[in-house]
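J.: Numbering-wise (my numbering), the sequence shown opens with residue 823 and increments by one. Handing you this structure, nothing more for now.
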Amino acid sequence: MNIRRALQGLAAATSVAAVSLLGASPASAYPNWQTVGSTNSNWHCGTTKHHPASDNVNMRMCIVMNASKEAQAVLVVVNHASVAVKIEAPGIHTTWGAGGSCNEYRLASGVQRACFTNTWPLDCSQDNTYAVEYLKMNGFTGSVSHRVTTPC
């Protein structure tokens with residue numbers, strides 16, 4: 823019985839944390855690149871891909887879902903190159919209606935940044951929930967499209 827209550831408390835705390843993460847006004851997130859640390863169980867990420875213009879710039883698309891079955895797409899980019907690169911996310915598009923973009927940004931060597939869309943209710947009747955982005959890096963465009971199944 824105590825374990826059950828502890829698990830319920832943990833689930834509630836996780837939900838509060840997710841709502842806190844997603845509850846920020848979308849205007850405060852995009853169109854600017856944000857610092858992002860580690861992810862948790864609310865983050866459903868595709869595989870990491872290299873940008874076609876550089877094996878040293880990695881990117882991946884994630885979907886962050888809260889307890890109310892609302893989600894936002896997040897494009898995470900990390901620069902492993904020895905020099906800074908210019909990145910831009912001209913438009914993130916999703917199957918559930920969330921969208922956003924991030925302005926051009928100078929991404930220093932060894933730095934990771936994320937572009938968040940607005941938060942939007944998921945359509946749980948879809949088999950695959952996914953987001954698509956074309957990341958511009960130093961003027962070259964590379965596609966990041968991941969189908970991520972989220973638990974509804």
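For each residue, glycine too, the CB sits at the ideal point set by N, CA and C. The model shown is predicted, which means the values in this text are computed figures rather than measured ones.
Determine the contact status of alanine 911 and leucine 897, defining contact as a CB-CB distance below 7 Å.
T.: yes
J.: Per DSSP, what are the beta-bridge partners of serine 876 in this structure?
T.: His873
J.: Considering Cα atoms alone, identify which of Cys924, Gly868, Met959 is closest to alanine 936.
T.: Cys924
J.: Let's test the definition: count the other Cβ atoms within 10 Å of the Cβ of cysteine 946 and tell me whether it reaches 16, buried, or not, exposed.
T.: exposed
J.: I think valine 886 touches valine 907, with their Cβ atoms under 8 Å apart; what is that distance to the nearest whole Å?
T.: No, valine 886 and valine 907 are not in contact; Cβ-Cβ is about 25 Å, not under 8 Å.
J.: Could you say which of Ala875, Thr869, Gly922, Ser904 lies nearest to phenylalanine 962 if we only look at CA atoms?
T.: Ala875
J.: State yes or no: is the C-beta of histidine 873 within less than 7 Å of the C-beta of glycine 964?
T.: yes
J.: The beta strand (DSSP E) spanning valine 907 covers which residue range?
T.: 907 to 916
J.: Please report how far the alpha carbon of valine 900 lies from the alpha carbon of aspartate 877, in whole angstroms.
T.: 11 Å
J.: When you compare each of Glu926, Pro943, Trp942 to methionine 959 by their alpha carbons, which one comes out closest?
T.: Glu926
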